[in-house]
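Plus 26 on top of the position in the sequence shown (first one is 1) and you've got our numbering.
Ideal placement from N, C-alpha and C gives every residue a C-beta, glycine not left out.
Since the structure is predicted, the reported quantities are computational estimates derived from the model, not experimental observations.
Shown next, in C-alpha cells, is the structure this report addresses.
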Amino acid sequence: MSDGIEALRHRIDGTADLQSVVRTMKALSASNIGVYERAVQALDTYYHTVELGLVACLRQPDVPLVTETHPGGNPVSGVIVFGTDQGLVGQFNDLLADFVVHTLPELPGKKLIWVVGERMQDRMEDHHLPLAELFNVPNSLNAVTSLIGQLVVAVETARERGKIHGLYLFHNRPGEISGNYEPVIQRLLPLDALWQRQLRAQPWLTNRLPETLGSSLQTLAALIREYLFVSLFRACAESLASENASRLATMQRAEKNIGEMLDALKHSYHQLRQEGIDAELFDIVAGFEGQM
C-alpha cells in the first residue's frame with residue numbers, strides 16, 4: 027500500500043511540474059503573439075508611406091506602368107515559403123506545404139523556391155520541388171529584419187540576372203478565431219497593373235505634386251525594393267504570429283488534459299490513502315476485539 031501511495035505521489039509531483047512548464051510556454055506564446063501582431067500593425071504606417079512615394083513617382087510623366095517581361099515566353103516564378111523549425115505547433119508546416127504543392131501548378135512557368143525553415147525544406151524536397159536557397163527561421167523580432175534583408179537581396183539578384191520574372195509568397199496568416207490560422211498566397215511581382223492605375227489616380231495631399239531627385243526610374247526601383255521589404259516583413263511577422271497562436275492552442279489543450287489528469291491522480295491518491303487508513307483502523311479494532 028505504501029509503495030502505491032509513494033508512486034502516486036511521485037506521479038502527482040511530476041505532473042504538477044509539467045503543468046508549470048506548459049503554463050510558462052503558454053504565457054510566452056501569448057506574449058510573442060502580441061509582439062508580432064503589433065509589428066504588423068506598425069507596418070501599416072510604413073506601407074502607407076511607401077505607397078505615397080509610389081503615387082508621386084508613378085505620376086511623373088517619364089514613368090510608365092511597371093511590368094515584368096520574360097524573354098522567350100518562358101517565365102520563371104520566384105516563390106518564398108515561410109515555415110517554422112519550432113516544435114509544438116501541430117500541423118503548421120504540413121498544412122502550408124500541402125497548400126503550396128496544390129497551388130504551384132497554377133503559377134506561370136517554372137518555379138524557383140526560397141524556403142525559410144529546415145523542416146519546410148524537407149517537405150518541399152519530399153515533393154521534388156526546385157529549391158534555390160534555405161534561410162533560418164528568425165527567433166525574435168530583431169532577427170526578422172536581417173532575414174528580410176537577405177531575402178530582398180536574393181530576389182533582386184535573381185531578377186537582375188533574369189532568373190525570375192514574378193514573385194509569390196506563401197505563409198500562414200492568423201485567423202479570426204483565437205489560435206487559428208490559414209495558409210495564404212500573395213503575389214508581389216509583377217506589380218498589379220490595376221493597383222498602379224489606382225495609385226496614379228489618387229489625389230495628392232496638396233496642390234503641388236513632389237518631384238523626384240535624379241532619375242525617376244531609379245527612385246521607382248528603390249521604392250519597389252521598399253515595397254518588397256515591407257511586404258516580406260509583414261508576411262514573416264504574420265507567420266511567426268500564426269506559429270505562436272498554434273503553440274498557444276496546443277498548450278491550452280495540454281493544460282486542460284494535464285489538469286484533468288492531475289485531478290484524477292489526486293482523487294486516486296486520496297482514495298488509496300483513505301483505504302490505507304481504513305485498513306489500519308480495521309486492524310486495530312480487530313486486534314482489540316481479539317484481546318477481549
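Buried or exposed by the 16-neighbour rule on C-beta atoms within 10 Å, applied to Ala271:
Against the sequence shown, residue 271 aligns to sequence position 245. Per the 10 Å Cβ criterion, buried.
For the alpha helix (DSSP H) holding Gln147, just list the boundary residues, first then last.
Counting from 1 along the sequence shown, the entry for residue 147 is found at position 121. Where Gln147 is concerned, the enclosing alpha helix (DSSP H) stretches over Glu144 to Asp152.
Beta-carbon within less than 7 Å of Gly84's beta-carbon, same chain only, minus the 5 sequence neighbours each way: which residues are those?
To locate residue 84, count along the sequence shown from 1; it is residue 58. It is worth fixing the name first, because residue 84 is Leu in this sequence and not Gly. Counting only Cβ-Cβ distances below 7 Å, and skipping sequence neighbours, we find Gln222, Leu225 and Arg226.
Does chain D have any CB closer than 8 Å to the CB of Ser257?
The structure shown contains no chain D; it is built from a single protein chain.
At least 3 beta-carbon pairs within less than 8 Å: the region 116–132 vs the region 166–182:
no
Through-space distance from His191 to Arg326, alpha-carbon basis:
This structure leaves residue 326 out entirely; the chain is present only between 27 and 318.
Buried or exposed by the 16-neighbour rule on C-beta atoms within 10 Å, applied to Ser57:
Along the sequence shown, one-based indexing puts residue 57 at 31. Classification of Ser57: exposed, given that the 10 Å Cβ count is below 16.
Do Gly79 and Leu193 have their C-beta atoms closer together than 8 Å?
Within the sequence shown, the letter at position 53 stands for residue 79. Within the sequence shown, the letter at position 167 stands for residue 193. Taking 8 Å as the Cβ cut-off, Gly79 and Leu193 do not qualify as a contacting pair.
Quick one: give me the first and last residue of the alpha helix (DSSP H) that Ser172 is part of.
For the purposes of this step, residue 172 is identified with residue 146 of the sequence shown, where counting begins at 1. Start and end: Leu167 to Glu186.
Does the separation of the CB atoms of Arg213 and Glu264 fall below 8 Å?
Against the sequence shown, residue 213 aligns to sequence position 187. Against the sequence shown, residue 264 aligns to sequence position 238. Result no, Cβ atoms of Arg213 and Glu264 do not sit closer than 8 Å.
Taking the CB atoms as reference points, tell me whether Ile174 and Phe118 lie closer together than 8 Å.
One-based indexing of the sequence shown puts residue 174 at position 148. One-based indexing of the sequence shown puts residue 118 at position 92. No; because the gap between Cβ atoms is not below 8 Å, this pair is not in contact.
Excluding sequence positions up to five away, which residues of its chain have a Cβ less than 7 Å from the Cβ of Ala158?
One-based indexing of the sequence shown puts residue 158 at position 132. Taken in chain order, the residues that qualify are Leu138, Ile139 and Trp140.
DSSP state of Trp221 mapped onto helix, strand, coil
What you label residue 221 is simply residue 195 of the sequence shown in a count that begins at 1. It is helical.
Counting pairs of beta carbons, one from the region 227–246 and one from the region 271–280, are three or more of them closer than 8 Å?
no
Would you kindly work out how many angstroms separate the C-alpha atoms of Val142 and Val179, rounded to a whole number?
Within the sequence shown, residue 142 is the residue found at index 116, counting from 1. Within the sequence shown, residue 179 is the residue found at index 153, counting from 1. Approximately 15 Å between the Cα atoms of the pair.
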